[in-house]
Amino acid sequence: VEGQRVTLPAIPSKGVFLGASGRFVELQTEFGLRVRWDGDQQLYVTVSSTYSGKLCGLCGNYDGNSDNDHLKSDGSPAGDKEELGNSWQTDQDEDQECQKHQVVNPPSCDSSLQSNMSGPGFCGRLVDTRGPFETCLLHVKATSFFDSCMLDMCRFQGLQHLLCTHMSTMTTTCQDAGHAVKPWREPQFCPMACPPNSKYSLCAKPCPDTCHSGFTGMFCSDRCVEACECNPGFVLSGLECVPRSQCGCLHPAGSYFKVGERWYKPGCKELCVCESNNRIRCQPWRCRAQEFCGLQDGIYGCHAQ
């Protein structure tokens, strides 16, 4: 948050909530913005219906008409996806590899590879009417998911990690829409590694129990999410499942700190540590002569100059 690492869940400012939800870290605001990121390739940005017809950008204008979504920043129609993306690139783009006028041709895919990748062992899983998305396919168009999957499978010769990503994306889309998904992960196919004291669930609560007992304000639906669910008697401390007796400390400003976690107060004049369940000990501190007080790699404190 503002360049500084935080332990989830957190309330970095009034009306802004950060927490874990399924496979995602989620940000919610009181004005209806919701952002979810899985730490890898999946990012979802949604807003409330209050903003219908009032938006612009890469994701369209949210007016219920998908035919007029490909508009450039000046309001004129974009000729292709590259032109659309280039028009919305900001001057502050930190990605030096993102260059304008750089056209990437789709990967070649010979007929044998294409036939294999579109089959039931690969991208065909997404459109199998008797597969894990059987119910969802009656309501959700899977063409774009299948096409994206084929693009990646051709480019990377059927790399299973990417197939898992597309299966996960389809799962999230279906569950968000309220449609059931049948189990599809197996020990040898896209297993989800879960931390100690937790287990995989295809239908977990979107808002899990956490050590931050006063953490309220996030909207929680009653729909299923894929997640690593804490075992009975355990709750989330950051992204770990711990007994409630081993919960950390709540800071009045809305931050949560795990047991043993240290932090500096502004100016680095005090160093605090969370000793146990809501027991915080602070002591006077001063940075050494060869150190400065500030942010470095997301950590606020005394760092070597």
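Counted from 1, the sequence shown has number 19 at position 8 by this note's numbering; the numbering is strictly sequential. Here a beta-carbon is modelled for each residue, glycine too, at the ideal position from N, C-alpha and C. Only a predicted model underlies this, so the values are computations on that prediction, with no experimental measurement involved.
Item: Of the residues 150, 47, 159, the one placed nearest residue 28, counting alpha carbons only; Value: 47
Item: Buried versus exposed, by CB contacts within 10 Å (16 or more), residue 259; Value: buried
Item: Proximity of residue 238 and residue 45 at Cβ, strictly below 8 Å; Value: no
Item: heavy atom of the ligand COA below 7 Å from residue 53 C-beta; Value: Absence of the ligand COA is noted for the structure shown, with no ligands found whatsoever.
Item: Residue from 234, 279, 210, 214 whose Cα sits closest to the Cα of residue 247; Value: 210
Item: Where residue 268 falls, given that 16 or more other Cβ within 10 Å makes a residue buried; Value: buried
Item: For residue 239, the three-state DSSP class (helix, strand or coil); Value: strand
Item: C-alpha distance - residue 213 paired with residue 281, whole-angstrom precision; Value: 44 Å
Item: Residue 176 - containing alpha helix (DSSP H), residue span; Value: 171-187
Item: Distance CB(residue 283)-CB(residue 271) smaller than 8 Å; Value: no
Item: Environment of residue 158 [buried if 16+ CB atoms lie within 10 Å]; Value: exposed
Item: Unbroken beta strand (DSSP E) run spanning residue 283, endpoints; Value: 281-287
Item: Residues that DSSP places opposite residue 313 in a beta bridge; Value: 304
Item: Of the residues 253, 204, 72, 292, the one placed nearest residue 221, counting alpha carbons only; Value: 253
Item: Euclidean distance between Cα positions of residue 131 and residue 145; Value: 14 Å
Item: Endpoints, beta strand (DSSP E) assigned at residue 105; Value: No beta strand (DSSP E) holds residue 105; DSSP gives it neither H nor E.
Item: Rounded straight-line distance, which links the Cα of residue 72 to that of residue 300; Value: 54 Å
Item: Residues of its chain near residue 250, where Cβ-Cβ distance is below 8 Å and the 5 sequence neighbours each way are ignored; Value: 19, 31, 206
Item: Collapsed DSSP secondary structure at residue 60 in the structure displayed; Value: helix
Item: Assigned secondary structure, residue 292 (DSSP; H/G/I helix, E/B strand, else coil); Value: strand
Item: Rounded straight-line distance, which links the Cα of residue 203 to that of residue 196; Value: 8 Å
Item: Inter-residue spacing [alpha-carbon to alpha-carbon] between residue 69 and residue 240; Value: 34 Å
Item: Beta-carbon proximity list for residue 88, same chain, < 7 Å, skipping 5 on both sides; Value: 81, 82
Item: Cβ-based neighbour list, residue 142, same chain, cut-off 6 Å, excluding 5 preceding and 5 following; Value: 136
Item: Host alpha helix (DSSP H) of residue 40 (start-end); Value: Note, residue 40: premise wrong, no alpha helix (DSSP H); beta strand (DSSP E) at 35-40.
Item: Buried/exposed call for residue 231, threshold 16 Cβ in 10 Å; Value: exposed
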